Amino acid sequence: MEKRVTFDNRLLPYLLLTPQLLVTIVFFFWPAAQALYQSLLLPDPFGLGARFVWFSNFEYLFGDSYYLQSFITTAVFSFFVTLASMSFALLFAVLADQVIKGEGAYKTLLIWPYAVAPAVAGVMWLFMFQPSIGVLAFYMKKAGIHWDPLLNGTHAMTLVVAAAAWKQISYNFLFFLAGLQAIPKSLIEAAAIDGAGRWHRFRTIIFPLLSPTTFFLLVVNIVYAFFETFGIIHTMTLGGPGQSTTILVYKVYADGFVGQDLGSSAAQSVILMVVVGLLTVIQFRYIERRVHY
Amino acid sequence: MKFRTMIPAATALAVVLPSMIGTAQAQTQIQFWHAMQGRLGELLNAQVEKFNASQDEYEVVAAYKGNYSETLNAGIAAFRAGEQPHLLQVFEVGTATMMAAKGAIKPVYEMMAEAKAEFDPSAYLAAVTGYYTTADGEMLSLPYNSSTPVLYINKDALEAAGLDPESKPATWPEVEEILVKLKESGSECPFTTAWQSWVHLENLSAYHNTPFATKANGFGGTDTELAFNGDLQVKHISKLAEWAKDGLFSYSGRRNEGGARFRSGECAMFTESSAGYAGVKAEADFPFTVTNLPYWPDVEGAPQNTIIGGASLWAMSGHEAEEYSGVADFLNFLSSAEIQAQWHQDTGYLPITTAAYELTKEQGFYEENPGTDVAIIQMTGKAPTENSKGIRLGNFDQIRAIIDEELEAVWQGDKEAKAALDEAVSRGNELLRRFEQSTR
Numbered sequence: 066m067e068k069r070v071t072f073d074n075r076l077l078p079y080l081l082l083t084p085q086l087l088v089t090i091v092f093f094f095w096p097a098a099q100a101l102y103q104s105l106l107l108p109d110p111f112g113l114g115a116r117f118v119w120f121s122n123f124e125y126l127f128g129d130s131y132y133l134q135s136f137i138t139t140a141v142f143s144f145f146v147t148l149a150s151m152s153f154a155l156l157f158a159v160l161a162d163q164v165i166k167g168e169g170a171y172k173t174l175l176i177w178p179y180a181v182a183p184a185v186a187g188v189m190w191l192f193m194f195q196p197s198i199g200v201l202a203f204y205m206k207k208a209g210i211h212w213d214p215l216l217n218g219t220h221a222m223t224l225v226v227a228a229a230a231w232k233q234i235s236y237n238f239l240f241f242l243a244g245l246q247a248i249p250k251s252l253i254e255a256a257a258i259d260g261a262g263r264w265h266r267f268r269t270i271i272f273p274l275l276s277p278t279t280f281f282l283l284v285v286n287i288v289y290a291f292f293e294t295f296g297i298i299h300t301m302t303l304g305g306p307g308q309s310t311t312i313l314v315y316k317v318y319a320d321g322f323v324g325q326d327l328g329s330s331a332a333q334s335v336i337l338m339v340v341v342g343l344l345t346v347i348q349f350r351y352i353e354r355r356v357h358y
Numbered sequence: 002m003k004f005r006t007m008i009p010a011a012t013a014l015a016v017v018l019p020s021m022i023g024t025a026q027a028q029t030q031i032q033f034w035h036a037m038q039g040r041l042g043e044l045l046n047a048q049v050e051k052f053n054a055s056q057d058e059y060e061v062v063a064a065y066k067g068n069y070s071e072t073l074n075a076g077i078a079a080f081r082a083g084e085q086p087h088l089l090q091v092f093e094v095g096t097a098t099m100m101a102a103k104g105a106i107k108p109v110y111e112m113m114a115e116a117k118a119e120f121d122p123s124a125y126l127a128a129v130t131g132y133y134t135t136a137d138g139e140m141l142s143l144p145y146n147s148s149t150p151v152l153y154i155n156k157d158a159l160e161a162a163g164l165d166p167e168s169k170p171a172t173w174p175e176v177e178e179i180l181v182k183l184k185e186s187g188s189e190c191p192f193t194t195a196w197q198s199w200v201h202l203e204n205l206s207a208y209h210n211t212p213f214a215t216k217a218n219g220f221g222g223t224d225t226e227l228a229f230n231g232d233l234q235v236k237h238i239s240k241l242a243e244w245a246k247d248g249l250f251s252y253s254g255r256r257n258e259g260g261a262r263f264r265s266g267e268c269a270m271f272t273e274s275s276a277g278y279a280g281v282k283a284e285a286d287f288p289f290t291v292t293n294l295p296y297w298p299d300v301e302g303a304p305q306n307t308i309i310g311g312a313s314l315w316a317m318s319g320h321e322a323e324e325y326s327g328v329a330d331f332l333n334f335l336s337s338a339e340i341q342a343q344w345h346q347d348t349g350y351l352p353i354t355t356a357a358y359e360l361t362k363e364q365g366f367y368e369e370n371p372g373t374d375v376a377i378i379q380m381t382g383k384a385p386t387e388n389s390k391g392i393r394l395g396n397f398d399q400i401r402a403i404i405d406e407e408l409e410a411v412w413q414g415d416k417e418a419k420a421a422l423d424e425a426v427s428r429g430n431e432l433l434r435r436f437e438q439s440t441r
């Protein structure tokens, strides 16, 4: 039988909900509404005046082939960041889960990078791979590897993906590790007794049981790649060469805060909001079906 | 971010508190937001201290607000919140944005007149102030740090290639001959540049008296259109592309990343701002030459004059008349010959007044430091034409980003110079139209 707490007072539930609602309204709905309104304006930078231009900011954006290209760039970037950070994190989590001695040290070290700010991570990777001053770039050159992230778009993309993924591995690692530790050892032992090899056990028992964690991290990582990586792009490539690393959120920043084009920047934020909303809906609708809770 | 805002805040407090305790009668405070860090920041603070010590009516409080874009942003955000500083340092590409914001700025000429301060526009170097002056010749902001591109040459590298270390190539074809020999002698980076759009398109155009944009490079109105896809620019960019392909020109990045490569001796020749001089002198352990930006000899009338980069000081609106008197005094202090001459000699930025230039000459600075007068002669050698007075475009920062993107495609070999410049012009024109609409 279900046990329910009921309220006699009709107002009390609303009252209890108020703080949460207020936070949501002030920090989410209000700014979102502002962005929506601003996206219809063509303001001057100082806020001295703004013209209401209906959807011309959107028309301008969708008429720009470079903006459309930026969607593809973002998709490529997000896909590889998510793939790389999640698979490395899973690998490390599985390995760390099996460590017997000095477990704490390994885990601490693996979690450390999460404390690094995105912009700092970008600068660090740049120091290692910058063609004329980078330590690793120096050895790559010695080894005869052609490396030119300044002009080669693929190289630049590889570099920003590596930096962005590296920073996120720790976060994913933490969740995967917790997920792994929640799997009953008896299940794995039983499978081992039945003669299942390590890979077989991982594929048929561990991975499916990790699926809620994996799904959660998938959503979080995509949101991370979409929104929180502009510091990395800004410090490493400024979106170049050409526009090969100009992801949507970087363009929002560059147009709004460098170019002072607040109308276009707001329109781009709205588009980004819709895109991420759609992605999340798709994920919950279709991918969540495969998740075993 | 926190750190950045905390340091100026802490310094401001440190400056404000003692003065509030020390003097019974409160001084009028002048807030001055700037983008000078490192050595330049120290020099700026020294100027401010000197001004504060020189009188007791006003107190200038200088605060570092990040790089140029960040400082402009801070100023804009502050204006929107009604908390704008009295003085804001804005880089040259932000000029059109500031000019268009008529309600947000207090033009320098107007402020000087209202404060009844001494102000003689003809004391300033026209080539420098022209960038910040209206079509009617009225000065809107005070140039603070202005520079112009010059060519730096590593003498040791020339010698190693069997060339005369003292040679000073005046034209691009002469440069090419040297680059070929440098390459043959094994140089991995015979030539690189900083600020490619500023040096190789904006200044290239002015230096050859060729329009960068219509309507006198935008001075004539916001209905200007970009024009840097002409024969001269296409020829120059094609040549650089050819050099990039042959390994004569090595691209370093969109800003001044090439500086480190030149100072370390990796690159033999380098086009960079004259303000790069202090850094090269401090760090390079090889003898170097500073010479004029090369030109194309087949262009009639070349070389004309180059244009400036750097920043100027804008007074912002919404303050008391008494405070503006203080700002006027401070600007006059900055323009004084001694301060200007010192600033010029310490940094490599151009002096903004004729008096400061003459004073530096008298002090024998140019003889002791050969190459330091190249920039000023190059800028003032000829009276500026409407193509070489400066460039005044809205959304210019983004237009430069577009130019950077297109040029990168050229250096990579993905695009022909003509196609890339055409594309940059058409993309940039859209931004100009947006700016025109937003300021209408």
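Heads up: the protein sequence lines correspond to chains P and B, in order.
Counting from 66, one number per residue, gives the positions in the first sequence under my numbering.
Counting from 2, one number per residue, gives the positions in the second sequence under my numbering.
All C-beta atoms in this analysis are idealised placements derived from N, C-alpha and C, irrespective of residue type, glycine included.
No experiment lies behind these values; they were computed from the predicted model shown.
{"Check": "Three-state secondary structure (DSSP) of B:G23", "Outcome": "Residue confidence is low: B:G23 scores 43 on pLDDT, short of 50, so the model does not pin down where it sits. Its coordinate-derived value is still stated next. Helix at B:G23."}
{"Check": "Contacts of P:F322 in chain B (Cβ-Cβ under 7 angstroms)", "Outcome": "N74"}
{"Check": "Runs of alpha helix (DSSP H) wholly within the segment 156-211 of chain P (minimum 4 residues, chain order)", "Outcome": "168-176, 183-194 and 200-207"}
{"Check": "Cα-Cα separation between B:A25 and B:E58, rounded to whole angstroms", "Outcome": "The predicted model places B:A25 with a pLDDT of 43, which falls under 50 and marks its position as unreliable; any figure quoted below should be read in that light. Cα to Cα, B:A25 sits roughly 12 angstroms from B:E58."}
{"Check": "One or two residues paired with P:A115 in a DSSP bridge", "Outcome": "P:P108"}
{"Check": "Test: B:T440 CB closer than 7 angstroms to a CB of chain P", "Outcome": "yes"}
{"Check": "Every unbroken beta strand (DSSP E) within the segment 148-198 of chain B, with a cutoff of 3 residues, ordered by chain", "Outcome": "150-155 and 190-194"}
{"Check": "P:K316 classed as buried or exposed, judged by whether at least 16 other C-beta atoms fall within 10 angstroms", "Outcome": "buried"}
{"Check": "Cross-chain neighbours of P:G167 in chain B, by beta carbon under 9 angstroms", "Outcome": "Here the premise fails: no neighbours, minimum Cβ distance about 35 angstroms."}
{"Check": "CB of B:E437 within 7 angstroms of CB of B:T135, strictly", "Outcome": "no"}
{"Check": "DSSP-derived helix/strand/coil call for B:H209", "Outcome": "coil"}
{"Check": "Neighbour-count burial assignment, P:S152, 16 or more Cβ in a 10 Å radius", "Outcome": "exposed"}
{"Check": "Supposed close pair B:L233, B:W297 - CB separation, criterion 8 angstroms", "Outcome": "7 angstroms"}
{"Check": "Chain B contacts from the segment 299-310 of chain P (Cβ-Cβ distance under 7 angstroms)", "Outcome": "L303, G305, P306, G307 and Q308"}
{"Check": "Within-7 angstroms CB hit, B:N396 to chain A", "Outcome": "Of the chains in the structure shown, none is chain A; the protein chains are P and B."}
{"Check": "Rounded straight-line distance, which links the Cα of B:C268 to that of B:A261", "Outcome": "9 angstroms"}
{"Check": "Segment contact flag, the segment 227-234 of chain P with the segment 139-152 of chain P, C-beta cutoff 8 angstroms, min 3 pairs", "Outcome": "yes"}
{"Check": "Beta-carbon proximity of B:N210 to B:G302, cut-off 7 angstroms", "Outcome": "yes"}
{"Check": "Closer than 8 angstroms at the beta carbon, the chain B residues around P:G187", "Outcome": "Under the 8 angstroms cutoff, chain B gives no residues; its nearest Cβ is about 14 angstroms from P:G187."}
{"Check": "Per-residue contacts from P:D109 into chain B (C-beta, under 8 angstroms)", "Outcome": "A101, A102, S439 and T440"}
{"Check": "The segment 157-166 of chain P contacting the segment 324-337 of chain P, beta-carbon criterion three pairs below 8 angstroms", "Outcome": "no"}
{"Check": "Per-residue contacts from B:Y252 into chain P (C-beta, under 8 angstroms)", "Outcome": "L215 and L216"}
{"Check": "Under 7 angstroms by beta carbon: chain P residues contacting B:F80", "Outcome": "F111"}
{"Check": "Cβ-based burial, P:R354 [other Cβ within 10 Å; buried from 16]", "Outcome": "exposed"}
{"Check": "Element boundaries [beta strand (DSSP E), containing B:Y274]", "Outcome": "One point to set straight first is that residue 274 of chain B is Ser, not Tyr, in the sequence displayed. Looking at the DSSP string, the run of the beta strand (DSSP E) that includes B:S274 is C268 to S274."}
{"Check": "Helix, strand or coil at P:N286 [DSSP, three-state]", "Outcome": "helix"}
{"Check": "Endpoints, the beta strand (DSSP E) within which B:S313 is located", "Outcome": "G310 to M317"}
{"Check": "Inter-residue Cα distance where the pair is B:F271 and B:K184", "Outcome": "15 angstroms"}
{"Check": "Rounded straight-line distance, which links the Cα of P:I176 to that of P:L239", "Outcome": "7 angstroms"}
{"Check": "Inter-stretch contact at 8 angstroms, needing at least 3 Cβ pairs: the segment 390-405 of chain B / the segment 420-429 of chain B", "Outcome": "yes"}
{"Check": "Limits of the beta strand (DSSP E) - the one that B:H35 falls within", "Outcome": "T29 to H35"}
{"Check": "Counterpart residues of B:E90 in DSSP-defined beta bridges", "Outcome": "Note on identity: in this sequence residue 90 of chain B is Gln, with Glu being the wrong assignment. Answer by DSSP bridge pairing, in chain order: B:L314."}
{"Check": "Within chain B, the residues that P:D326 reaches when beta carbons sit closer than 9 angstroms", "Outcome": "N396, Q399, L432, R435, F436 and S439"}
{"Check": "Cutoff 7 angstroms: B:Q413 Cβ touching any chain P Cβ", "Outcome": "yes"}
{"Check": "Range of the contiguous alpha helix (DSSP H) that encloses B:Y325", "Outcome": "A322 to S336"}
{"Check": "Residues from the segment 191-207 of chain P in contact with chain B, defined by Cβ distance under 7 angstroms", "Outcome": "S197 and I198"}
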